[in-house]
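Comments concern the structure below.
Residue numbers (full-length UniProt numbering): 1 to 479.
Structure (structure tokens):
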């Protein structure tokens, strides 16, 4: 994956830059020794690495503003970083950039149960937001698989979802307001602790903008009452296509589960070896969960189980206890770690119409044979957000390039059937050169014009989202 050549003028300014940063931040918040900056050389897309010029760890909005103003005045690129869990290279630095990490910004600033919101610093982890309100029987709905580690800042940048997004939506559906610092150090407040704001939907522009427009330091999030109860059911099928058709039929029937998760045989085998969840020996597995009162749960599951039986399942297992529910979810929650134990892999993130699941799964299987690379499928089937895991050997020359080509073909397939390049991982560096396969030139120009307004010098999160040649041309023209 090509990265822009570092600016020699910026590299030469490092001693001056470090000194200026140390004047506005505590000494331990400025990381500039080469050995120490290597901790920030990549995110969860570990195939690509580049140590930054320096890294900073501010504690509040004021310190973020001071850092950005210094970098803006010195023309130094800045890469915002949450917890570094991006699977699309969203926080990969360039050699002449400063990583701005929000890990130390993790306070709860305000909680209002009457109006159902919580305001937090964006370095706070996803799961700990729910942890802060669970004693009052509230929770924060978006639940990415990395929720134990991922930060709210990254969730906002990538518009993250999770297993329960089918019912509750993704980050944009649960974000009420933000405090954001622009590249020149200007602090802006957008949205707030109310349902909707007048005027332009700037909050919708910011959520999912991948650090291209500003650094979000505080977020006001919607919190919800916990449901009365929830119950998952596990379904095993003898083919991916049949499982995909079952998902399509459940959605078509007008039933709204809280989650529909899909795993194929490679993932089932890996998770069984890793977690021992007791999954059946089958080609494809669905986990469907519903919630509500006992009566609501029974009514929904009766419809879902009737649809499942019409597809001749290998196994149907309805949870009867909290322990059994936890075991049903255990393998799914362990899938990414389990697959990592058996091979290097690249995790994709394309979204398709639900009725295209059977066809797309069949085509992925055919392409797997063509490329000679294994693939495991685990994804949020209810909203068509796919996460194929392409297996490759990072130590074998040519395997990474073959994996990238296979991945590009899968993502192009998603677009061809009416879907899009990403659902929740973002574009990052992984998909930037595929943007032309989804967007017409005028669409790309409109998106870049928005960045021109927020970040006229094109210093924020360089080499991401837009095709590299296009973004470099834009950046040079802005100098």
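All residues carry an ideal CB built from backbone N, CA and C; glycine is no exception. Keep in mind it's a predicted model, so treat the numbers as computed, not measured.
(request) Determine the extent of the alpha helix (DSSP H) in which residue 474 is found, giving its start and end residues. (result) 468–478
(message) Rounding to the nearest angstrom, what Cα-Cα distance links residue 197 and residue 315 in this structure?
(response) 48 Å
(request) Please classify residue 245: is it buried, with 16 or more other beta-carbons within 10 angstroms of its beta-carbon, or exposed? (result) buried
(request) Would you mind giving the Cβ-Cβ distance between residue 96 and residue 7, rounded to the nearest angstrom? I have them listed as a contact below 8 Å. (result) 5 Å
(message) Between residue 43 and residue 89, how many whole angstroms is the CB-CB distance? I'm expecting something under 8 Å.
(response) 6 Å
(message) Taking the straight line between their C-alpha atoms, what separation do you get for residue 110 and residue 126?
(response) 16 Å
(message) Considering Cα atoms alone, identify which of 448, 442, 385 is closest to residue 422.
(response) 385
(request) Return the first residue and the last residue of the beta strand (DSSP E) that residue 291 is part of. (result) Boundaries of the beta strand (DSSP E) around residue 291: 284–291.
(request) Over the uninterrupted beta strand (DSSP E) stretch that includes residue 175, give me the two end residues. (result) That run of the beta strand (DSSP E) goes 175–181.
(request) Report the three-state DSSP secondary structure of residue 358 (helix, strand or coil). (result) Three-state DSSP puts residue 358 in a helix.
(request) Mark residue 396 as exposed unless 16 or more other C-beta atoms lie within 10 angstroms of its C-beta, in which case mark it buried. (result) Its Cβ having fewer than 16 others within 10 Å, residue 396 is exposed.
(request) Please work out which residues of its chain come closer than 8 Å, Cβ to Cβ, to residue 420, disregarding the five sequence neighbours upstream and downstream, and give them in chain order. (result) 350, 351, 414, 438
(message) Can you give me the C-alpha to C-alpha distance between residue 205 and residue 394, rounded to a whole angstrom?
(response) It is roughly 37 Å from the alpha-carbon of residue 205 to the alpha-carbon of residue 394.
(request) Inspect the CB distances between the stretch 157–167 and the stretch 179–197 and report whether three or more fall short of 8 Å. (result) No, the stretch 157–167 is not in contact with the stretch 179–197.
(request) Would you mind reading off the limits of the alpha helix (DSSP H) that contains residue 339? (result) 322–342
(request) Go ahead and pull the three-state DSSP assignment for residue 172. (result) Three-state result, residue 172: helix.
(request) Alpha carbon to alpha carbon, how far is residue 374 from residue 99? Give it in angstroms, no decimals. (result) So the alpha carbons of these two residues sit roughly 35 Å apart.
(message) If you reduce the DSSP assignment to three classes, tell me which class residue 345 lands in.
(response) strand
(message) Counting C-beta neighbours from all protein chains within 10 Å, is the total for residue 300 16 or more, i.e. buried, or is it exposed?
(response) buried
(request) Would you be able to state if there are at least three C-beta pairs under 8 Å between the stretch 398–415 and the stretch 183–191? (result) no
(request) May I have a chain-ordered list of the beta strand (DSSP E) segments no shorter than 3 residues that lie completely inside the stretch 76–156? (result) Entirely contained in the stretch 76–156, the beta strand (DSSP E) runs reaching 3 residues are, in chain order, 78–81, 98–101, 108–112, 117–121.
(request) Spell out the partners DSSP gives residue 225 in its beta bridges. (result) 138
(message) On the criterion of 16 or more Cβ atoms from any shown chain inside 10 Å, does residue 476 qualify as buried, or is it exposed?
(response) exposed
(request) Could you have a look at residue 434 and say whether DSSP puts it in helix, strand or coil? (result) helix
(request) Compare the Cα-Cα distances from residue 172 to each of 214, 181, 222, 458 and report the closest residue. (result) 222
(message) Between 311, 305, 310, 312, which has its C-alpha nearest residue 319's C-alpha?
(response) 305
(request) Examine the Cβ distances between the stretch 268–285 and the stretch 205–217 and report whether three or more of them are shorter than 8 Å. (result) Contact fails: fewer than three Cβ-Cβ distances are below 8 Å.
(request) Could you tell me whether the Cβ atoms of residue 123 and residue 153 are closer together than 8 Å? (result) Going by C-beta atoms, residue 123 is nearer than 8 Å to residue 153.
(message) Whole angstroms are fine: how far does the CA of residue 286 sit from the CA of residue 182?
(response) 43 Å
(message) Per the DSSP calculation, residue 420 is bridged to which residue(s)?
(response) 351
(request) Take residue 174 as the anchor and find which of 145, 150, 199, 139 has the nearest alpha-carbon. (result) 139
(message) In chain order, what are the residue ranges of uninterrupted beta strand (DSSP E) at least 3 long that sit wholly in the stretch 235–319?
(response) 259–264, 284–291, 315–318
(message) Quick check on DSSP: helix, strand or coil for residue 439?
(response) Residue 439 carries a coil assignment under DSSP once its states are collapsed to helix, strand and coil.
(message) Less than 8 Å between the C-beta atoms of residue 92 and residue 364, yes or no?
(response) No, Cβ-Cβ distance for residue 92 and residue 364 is not below 8 Å.
(message) Please tell me whether residue 117 and residue 176 are closer than 8 Å, where the distance is taken between their beta carbons.
(response) yes
(request) Could you please give me the residues that DSSP links to residue 55 through a beta bridge? (result) 31, 99
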